[in-house]
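Protein chains in written order, with the numbering used here: chain E, 1 to 393; chain B, 1001 to 1393.
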């Protein structure tokens, strides 16, 4: 009488985890120095010093580990609102902001709040984070996805073909995991206009969930537009995992735009979903960390340097990849049709990269560049052998 | 298109939260010193010094805030297994142990793993923690409950009347919130025998979920039997919220007994449920805290002292309550039929107590005794007025 769907979810390891475990075994066999693990998006830079200072200081406060209200302390919610107002000129409402155990929790509860019927659909753009499908299905709906164009920007033709009246919500993720694409202002304006028209056509709100854990990791002067400035029915899902390099601590927030249709009702449904999924409150010590470090960011220079070294070398070796404008991934075209097969060959050279199939597209592999610069340097001879194997050089 | 069920859950404040907010307003009106808030189960004693030391020490480790595997680090799972073996002579398997964001998350994911069909039922004993119903319904099943006897021990006649073949799981909570009852070994043996017979009769496993966040808070030499020693199909749901006084940090675990039917499959379903509800990993710093403080407990002497003062005074004033053997609540019989009405009258004397209706029984109120001893002392004149109001003295 065990739930078969949950069993299937728990027993099928994600491709990323599978490769990661394989890498650990391979290290034992051929030596750690011969394994180049590009699989996991675990930030490699330390958290800002201020985070550590806040922790050391706040643990003296005897009530720091107590329950907070379910939506989080008013102080952290105000700090987030002030920060975003100052930075983006948009006032998120502290009373429409709900602290979460990271962006995954935020997405899971927002989708639970927005899906009411098995016919409800959520739309996203491939390539996408595989858990979007898991959270949508857990909430009782189904995920559909539109294609992107060759530089992984939104393909509006594909969007037009994919959208339908059953779509209640759209998830965007910019800077994008795995492609590194950052949607420019033109794209965002076009998307907002498209959705406004569709709302009129369908006669119901389409909520835009903007999943933006990589918002602070931008290169080459790229700018990531703040979506509530462009589209009213927006729900921001943020995580401090990457910005503060604290992914294991599970801290982030969901904020419903005060301009959204039924904003208050949606917010209460999100609170109800948080309650029903077992989230009592976001970790209290890290709520305080966010309150006091809301404007701090880990040094992401190493991600840019890593990208530069990896991309220039991959191109030199004849591989084809879109130069990412943000996040810490490089999405490279597989020189053969099957990315799975390419990934398997790469493994024989000690190079672990994730085939794109689980992200909803075929023919690419993802390098996570949140690794040590030294690992990249040491991997270059192996990458060269890989290029030779496929007759690229 | 917002989910009405989630909206209802988020917009109906629990009675406890409602009273708590009322207390804050009342304090502003009549002064904090005239409000005696017995509503919230927020531990009042500080965490053990060792917890603070581990935090201050571990934040120097640059990888302490990184992702762990979804089930938690092997080190913390081993520490938990060793601790329980040493204490209870039962070996929980680290590979069947899953770290969670507290007991609420543990219950939510275990129920999601065990419920497969809308006809599935979960049985518990009233009075019970109201969220059992929320988590069971979120998982797609329904909650039924048996009565307890007058000292809040299991009423086996009521259990026999309530159980049915659709019951897949039973939740027990000892020491109990709100009654403070601790099930003795006789009760546990009788319950195990009862369930074994029912499993044979129904031809399927009945999993016993033991929700035991108060396991370390016991008085008068009470002993809390370790359930896996008595019944094979057991899932332990533990939280460090009370034992280490860190309720806001959300850290606990679920452990499937290695003797349980389909233990490995159930464990994987729990992992799948964790994934689908958006739990990526339990907070990483507090996994380390548990690993290194697994055998530490906050000083619960104050809870015993509070109980002694409150119970003796309530009895002196003519009120009727069962002397709790554990946890930090006093469950008192309302001198009038309606506990809601009694709670409303108590409010006029500045005394905030939770009526028992939301715990599934009528005619009682709950005092949370995790308050300062001073608050209890200061509340005695108000309690006296309340007793006089009801002509008890």
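The C-beta atom is built at its ideal place from N, Cα and C for all residues, glycine as well. It should be emphasised that the depicted structure is a prediction, and the values quoted were computed from it without experimental measurement.
- Message: Rounding to the nearest angstrom, what Cα-Cα distance links residue 94 of chain E and residue 254 of chain E in this structure?
- Response: Position 94 of the first chain, counted from the start, is the residue given in the question as residue 94 of chain E. Position 254 of the first chain, counted from the start, is the residue given in the question as residue 254 of chain E. Those two C-alpha atoms are separated by around 10 angstroms.
Buried or exposed: which applies to residue 1089 of chain B, given that a residue is buried once 16 or more other Cβ atoms fall within 10 Å of its Cβ?
Indexing the second chain from 1 puts residue 1089 of chain B at position 89. Residue 1089 of chain B should be labelled exposed.
### Query
What is the residue span of the alpha helix (DSSP H) that residue 316 of chain E lies within?
The residue given as residue 316 of chain E occupies position 316 in the first chain. Segment 301-316, the alpha helix (DSSP H) holding residue 316 of chain E.
Should residue 1058 of chain B and residue 1289 of chain B be called a contact, given that it needs their Cβ atoms to be closer than 9 angstroms? Position 58 of the second chain, counting from 1, holds the residue named residue 1058 of chain B. Position 289 of the second chain, counting from 1, holds the residue named residue 1289 of chain B. Contact flag set, yes.
Residues in the region 277-289 of chain E having any Cβ partner in chain C nearer than 9 angstroms
Protein chains E and B are contained in the structure displayed, whereas chain C is not.
* Among B/1293, B/1340, B/1072 and B/1216, which one has its Cα closest to the Cα of residue 1363 of chain B? -> Residue mapping note: residue 1363 of chain B aligns to position 363 of the second chain, counting from 1. Minimum Cα distance to residue 1363 of chain B is reached at B/1340.
- CB contact check: residue 332 of chain E to chain B, cutoff 9 angstroms: To locate residue 332 of chain E, count along the first chain from 1; it is residue 332. Cβ-Cβ to chain B under 9 angstroms: no for residue 332 of chain E.
### Task
Assuming residue 309 of chain E and residue 351 of chain E form a contact by the criterion Cβ under 8 angstroms, report the distance between their Cβ atoms to the nearest whole angstrom.
Working through the first chain from its first residue, we reach residue 309 of chain E at position 309. Working through the first chain from its first residue, we reach residue 351 of chain E at position 351. So it is not a contact: roughly 15 angstroms between Cβ atoms.
Exercise for the section: Sort out for me which residues DSSP pairs residue 252 of chain E with in a bridge. Expected result: Within the first chain, residue 252 of chain E is the residue found at index 252, counting from 1. When beta bridges are read from the DSSP output, residue 252 of chain E appears opposite E/100 and E/239.
ask   = So is residue 1085 of chain B buried or exposed if we call it buried at 16+ other beta carbons inside 10 Å?
value = To locate residue 1085 of chain B, count along the second chain from 1; it is residue 85. The residue in question, residue 1085 of chain B, is exposed, as its Cβ has fewer than 16 Cβ neighbours within 10 Å.
Check your understanding: Of all the alpha helix (DSSP H) runs that stay within the bounds of the region 28-101 of chain E, which reach a length of 4 or more residues?
Key -> 49-58 and 74-88
Helix, strand or coil for residue 333 of chain E per DSSP?
-> On the first chain, position 333 is the one that residue 333 of chain E refers to. Strand, per DSSP.
- Determine the contact status of residue 2 of chain E and residue 1265 of chain B, defining contact as a CB-CB distance below 9 angstroms. In the first chain, counting from the first residue as 1, residue 2 of chain E sits at position 2. In the second chain, counting from the first residue as 1, residue 1265 of chain B sits at position 265. Yes, they are a contact pair.
- [ ] Return the residue from the list B/1055, B/1083, B/1106 and B/1066 that minimises the CA-CA distance to residue 1269 of chain B.
- [x] On the second chain, residue 1269 of chain B is found 269 positions in, with the first residue counted as 1. Selection B/1055, B/1083, B/1106 and B/1066 evaluated against residue 1269 of chain B yields B/1106 as nearest (Cα-Cα).
Q | Integer Cβ distance of residue 1214 of chain B from residue 1247 of chain B, believed to fall under 8 angstroms | A | If you number the second chain from 1, residue 1214 of chain B lands on position 214. If you number the second chain from 1, residue 1247 of chain B lands on position 247. With 8 angstroms as the limit, residue 1214 of chain B and residue 1247 of chain B do not qualify as a contact, their Cβ atoms being about 12 angstroms apart.
Check each candidate in E/209, E/139, E/125 and E/306 and name the one with the smallest Cα separation from residue 325 of chain E. Residue numbering aside, residue 325 of chain E sits at position 325 when the first chain is read from its first letter. Residue E/306 is the option with its Cα nearest to residue 325 of chain E.
Requested in this report: List the endpoints of the continuous alpha helix (DSSP H) containing residue 1135 of chain B.
Outcome: Working through the second chain from its first residue, we reach residue 1135 of chain B at position 135. Start and end: 1131-1138.
Mapping DSSP to helix, strand and coil, what is residue 1293 of chain B? The residue labelled residue 1293 of chain B in the question sits at position 293 within the second chain. It is helical.
At the 9 angstroms Cβ level, is residue 1380 of chain B part of the contact set with chain E, yes or no?
The residue labelled residue 1380 of chain B in the question sits at position 380 within the second chain. Chain E contact via Cβ: absent.
Using beta carbons (cut-off 9 angstroms, strictly below), is residue 95 of chain E in contact with chain B?
What you label residue 95 of chain E is simply residue 95 of the first chain in a count that begins at 1. No, because no Cβ of chain B sits closer than 9 angstroms to the Cβ of residue 95 of chain E.
Original post:
Would residue 1366 of chain B pass as a contact of residue 1390 of chain B if the rule is Cβ separation under 9 angstroms?
Top reply: Counting from one through the second chain, the residue named residue 1366 of chain B turns up at place 366. Counting from one through the second chain, the residue named residue 1390 of chain B turns up at place 390. Not closer than 9 angstroms, so no.
Terminal residues of the alpha helix (DSSP H) in which residue 191 of chain E lies
Position 191 of the first chain, counted from the start, is the residue given in the question as residue 191 of chain E. From DSSP, the alpha helix (DSSP H) with residue 191 of chain E extends over 185-202.
Spatial neighbours of residue 159 of chain E in its chain, beta-carbon cut-off 6 angstroms, leaving aside the 5 residues before and after: Residue mapping note: residue 159 of chain E aligns to position 159 of the first chain, counting from 1. Hits under 6 angstroms: 146.
- What residues in the region 68-99 of chain E bring their beta carbon closer than 9 angstroms to a beta carbon of chain B? 68, 69 and 70
Review point. Residue 1380 of chain B lies in the alpha helix (DSSP H); which residues open and close that run?
Key: Residue numbering aside, residue 1380 of chain B sits at position 380 when the second chain is read from its first letter. Looking at the DSSP string, the run of the alpha helix (DSSP H) that includes residue 1380 of chain B is 1373-1389.
(request) Please classify residue 1174 of chain B: does DSSP put it in a helix, a strand, or coil? (result) Counting from 1 along the second chain, the entry for residue 1174 of chain B is found at position 174. Coil at residue 1174 of chain B, not helix or strand.
Subject >> Cβ-based contacts, 7 angstroms cut-off: residues of the region 19-51 of chain E near chain B >> reply: 42, 46 and 47
- Item | Neighbour list for residue 250 of chain E in chain B, Cβ cutoff strictly below 9 angstroms | Against the first chain, residue 250 of chain E aligns to sequence position 250. In chain order: 1101, 1250, 1279, 1280, 1281, 1282, 1283 and 1284.
Starting from the C-beta of residue 34 of chain E, find all residues in its chain whose C-beta is less than 6 angstroms away, skip the five residues before and the five after it, and write them out in chain order. Mapped onto the first chain, residue 34 of chain E falls at position 34. Only 350 meet the Cβ criterion.
Margin query: Let me confirm a value: residue 1223 of chain B is counted as buried when at least 16 other C-beta atoms fall within 10 Å, else exposed. Which label applies?
Written below: Residue numbering aside, residue 1223 of chain B sits at position 223 when the second chain is read from its first letter. Exposed, because fewer than 16 other Cβ atoms sit within 10 Å of the Cβ of residue 1223 of chain B.
Mind the definition here: the region 1110-1130 of chain B touches the region 1159-1168 of chain B only if three or more C-beta pairs lie below 8 angstroms; say whether that holds.
yes
To the nearest angstrom, how far is it from the Cα of residue 1296 of chain B to the Cα of residue 250 of chain E?
For the purposes of this step, residue 1296 of chain B is identified with residue 296 of the second chain, where counting begins at 1. For the purposes of this step, residue 250 of chain E is identified with residue 250 of the first chain, where counting begins at 1. One C-alpha to the other measures close to 24 angstroms.
task = Take residue 1394 of chain B as the anchor and find which of B/1220, B/1257 and B/1218 has the nearest alpha-carbon.
result = Within the shown structure, residues of chain B are numbered from 1001 to 1393, placing residue 1394 of chain B beyond reach of any answer.
Check your understanding: According to DSSP, which residues form a beta bridge with residue 1113 of chain B?
Key -> As a first step, residue 1113 of chain B is located in the second chain; it is residue number 113 there, counting from the start. In DSSP, residue 1113 of chain B forms no bridge with anything.
- Query: With distances taken between CB atoms, is the gap from residue 241 of chain E to residue 102 of chain E smaller than 9 angstroms?
  - Reply: Here residue 241 of chain E refers to the residue found at position 241 when the first chain is read from its first residue. Here residue 102 of chain E refers to the residue found at position 102 when the first chain is read from its first residue. In contact: residue 241 of chain E and residue 102 of chain E (Cβ atoms closer than 9 angstroms).
Item checked: Any C-beta of chain B under 9 angstroms from that of residue 15 of chain E -> In the first chain, residue 15 of chain E corresponds to position 15, counting from 1. Chain B contact via Cβ: absent.
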